[in-house]
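For any residue, its number in the working numbering is found by taking its place in the sequence shown, counting from 1, and adding 8.
Don't be surprised by glycine CBs; every beta carbon is placed ideally from N, CA and C.
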Amino acid sequence: MAEGKSLGYTVAKLPMLLAAPAARAAGGLAQRGRNRRRLKRARVLVPPIVSRIARQDPAATGWQLVKVMPTVTPVIVVSVGDRSRPAAFLKIPESSEALAQLAQTDLLIALVRQSVGDPAWQRLMPEPIMKSDEQFDGAFFAHKAIHGMEARAVASRRYNADALLRNAALTINVLHQHTREEVVIVEEHVDAWFAPLVDLIAVHGSALEAEQLSALQARIRTKMVGREIGLSTIHGDYHLGNVLVDFDGSVTGLIDWDHSTTGWPSGIDMATLTFWHQRDTTGAELGDLISAAMRDDRPRLFDESLALSEPQAIGDEQFYRAVIELWWVRMISKQLIGAPEFGDKRLWWRRNVAQVLGAQR
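Have a look at this one:
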């Protein structure tokens, strides 16, 4: 069987070529329909928001709707300003739950900016302009636009991908170190990390899969309980698509903090960074890559990135595997909470959930 090698990993290409395109095509159709509906709503909602901002800041006068961003969460994200150079981003919740999440993210961003006192690093984060979160009707959050090129888009064309990944890892490690708290892991930590997926498997999965998840949870307890590690604030969706760079590859911005949270190992961000890049460059499903990682076939840059935040764990295979498994738990939970329809997509479920649960050891 043909094999592809890049960045220190090996994956079988045939299964992904057969199955992944169909699943992505179906997901793409649903996303395009969602984008069309949101564009119609944005054309109605954005002008009065811009007028409200302009009353506070006359520089916003004349801002126009530039683009509606694709998202899987119930939030309309649009850029506004001059069509040649957006000045701000607006986030408009489509549900009361989304409003609560945006308010929580807004608070967390403020706390992160306070925790990381370096002004140069603070400039990488969204800077609030205005918000209206008192009630769902009319709620919005506005942030200044951060300019730069999406690192994912230039990784294979203009810059060395390894260098971009290492630079991104060094950048987010500043956040991890400033918010790090040394903690001895207890069972309650593991149970809290698993709780959302336990509930989701009960809804979407089988009895066998519930048993397999319970067994995985028990193994994570064995690997992690009693171990002293650092728990940090994490970005939560830290792939190269959320990292902006300039023409020399320096990081100019970190965007999309909607999944940021506290109390997780910093390795979660490092896993997102390296495994999402692996997915983008191979076309494989994440479930295929995680299953391969369970067989110790993982990107070497994951090991390098994790060593930044947990140098005492270098070479500790049990810890490395536990972080990858925890990342999978969080990634699947986030996907199913943000887009519950994936629970009914049998091909996606088989490749990303059933396969990984069956590969545990």
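Beta-bridge pairing by DSSP links T269 to I242. CA-to-CA, the gap between W129 and S123 works out to about 11 Å. Bounds of the beta strand (DSSP E) holding E190 are E189 to V192. Taking the CA atoms as reference points, R354 sits about 41 Å from R121. Inclusion of K231 and A330 in the CB contact set at 8 Å is warranted, their separation being smaller than that value. By the criterion of a C-beta distance shorter than 6 Å, A111 is surrounded in its chain by D141, once the five residues flanking it on both sides are discounted. Sixteen is the threshold: when 16 or more other Cβ atoms of the shown chains lie within 10 Å of the Cβ of K99, as they do, the residue is buried. When rounded, the separation of the alpha-carbon atoms in V233 and V83 is 37 Å. Here L316 is near L178, since their CB atoms are less than 8 Å apart. With contacts defined by Cβ atoms closer than 8 Å, R229 and V198 form a contacting pair. Residue pairing by DSSP puts A96 in a beta bridge opposite V88 and K152. Distance from the CA atom of M157 to the CA atom of T260, rounded to whole angstroms, is 9 Å. Inside the stretch 177-264, DSSP marks whole alpha helix (DSSP H) runs of 4 or more residues at positions 195-212 and 215-232, from first to last along the chain. Boundaries for V120: no beta strand (DSSP E) harbours it, while the alpha helix (DSSP H) harbouring it runs S104 to S123, taken from the DSSP string. The C-beta of I322 has fewer than 16 other C-beta atoms within 10 Å across all chains shown, which makes the residue exposed. When only Cα atoms are considered, V253 and I117 end up about 20 Å apart.
Relative to the Cα of L183, the nearest Cα in the group E293, R358, L47 and P273 belongs to P273.
Between G291 and V361, the C-beta spacing is not below 8 Å. Burial of T79 is indicated by the presence of at least 16 other C-beta atoms within 10 angstroms of its C-beta. If the five residues before and after E190 are omitted, its C-beta is found closer than 7 Å to the C-beta atoms of E236 and G238, all from its own chain and listed in chain order. Here H151 has A96, F97, P134, E135, P136 and I137 as same chain residues with Cβ atoms under 7 Å from its own Cβ, once five neighbours each way along the sequence are excluded. Between H243 and D288, the gap from beta carbon to beta carbon reaches 8 Å or more. Rounded to whole angstroms, the gap between the alpha carbons of R358 and F350 is 11 Å. Secondary structure at V361: helix, using DSSP grouped into helix, strand and coil.
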